[in-house]
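Report on one structure; see the data block that follows.
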Ligand code: ADP
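Spelled out as structure tokens, the structure:
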């Protein structure tokens with residue numbers, strides 16, 4: 088490309104220095120694609136309840152105007168659809184907050200035993216409604232990590248809610264309706280290369296096909312979309328969990344066996 092420019096003392100031809108600059112744009116392209124997919128997904132998720140709402144408003148203004156029974160039925164559906172939109176917006180806000188904060192390490196001293204007890208108390212009504220039982224297993228009186236109490240509570244909430252929604256809808260007597268929170272310590276976590284506090288949520292439900300495990304924490308990824316929507320899921324719960332765990336420089340492991348249940352293990356660095 089560069090024309091030769093004179094000869095060196097040894098008589099060899101010498102090329103003029105030439106700088107070629109290469110920029111790898113594949114990552115930027117991938118990020119652009121992820122952003123576009125995200126916007127498309129959010130629009131789609133919002134459009135479904137919006138279409139239902141506008142449809143029922145039309146019906147209530149027209150054919151069902153004087154039908155009291157139909158009006159009550161439609162209003163109940165509209166309330167459910169509005170609730171779905173509300174949950175989606177709440178989860179989107181949570182996700183964008185934890186993504187924005189991901190570089191800042193939270194520093195409060197948090198006792199995971201106390202945090203789990205209080206999270207369990209607020210999750211009891213949901214579990215009872217679904218016919219599920221919650222249990223806490225730990226041999227520790229306290230287990231302290233550096234963290235953000237609200238966010239770690241949200242991790243537990245999302246995981247227990249999933250355990251109840253997908254895992255614990257079994258026959259009460261079979262023991263399949265139990266969701267267990269386990270707290271413990273691991274002396275050496277190989278990736279963190281230090282001791283870790285373990286916070287695990289396990290259910291004894293139908294489990295998840297291993298095929299799905301690597302993608303489970305992607306935004307809007309669902310194993311069974313119909314079932315997730317029916318259960319009021321937004322498809323963002325595990326994405327939020329993953330970002331919160333990242334923010335705490337922790338690890339999230341998901342293991343599951345078909346027919347045996349699923350286990351979501353969060354390991355947080357201990358001081
Ligand atoms: P959703 O709002 O749909 O529950 P999540 O991000 O929390 O979204 O979970 C993603 C998907 O992973 C769910 O739609 C469900 O298919 C699957 N899943 C999550 N937790 C469990 C579980 N404990 N047992 C079986 N499947 C689960």
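Residue numbers (UniProt numbering): 88 to 358. C-beta: ideal position from N, C-alpha, C; glycine also.
- Item | residue 310 Cβ short of 6 Å to the ligand ADP heavy atom set | yes
- Message: Tell me whether residue 124, by its Cβ, gets closer than 6 Å to a heavy atom of the ligand ADP.
- Response: no
- Inter-stretch contact at 8 Å, needing at least 3 Cβ pairs: the stretch 243-252 / the stretch 206-215: yes
- Query: Do residue 224 and residue 291 have their CB atoms nearer than 7 Å?
  - Reply: no
- Message: Residues in the same chain with beta-carbon distance under 7 Å from residue 251, minus the five sequence neighbours each way, listed in chain order, please.
- Response: 213, 214, 217, 219 and 266
- How big is the Cα-Cα spacing for residue 162 and residue 255? 30 Å
- In the DSSP assignment, what residue or residues form a beta bridge with residue 225? 270
- Item | residue 337 versus residue 358: straight-line alpha-carbon distance, rounded | 13 Å
- Message: Quick check for students: name the residue ranges of the beta strand (DSSP E) that lie wholly in the stretch 268-355, counting only runs of 3 or more.
- Response: 281-290 and 338-344
- Can you say whether residue 131 is buried or exposed, counting buried as having 16 or more other CB atoms within 10 angstroms of its CB? exposed
- Query: DSSP state of residue 119, grouped into three classes?
  - Reply: helix
- State the Cα-Cα distance for the pair residue 167 and residue 279, rounded to the nearest angstrom. 43 Å
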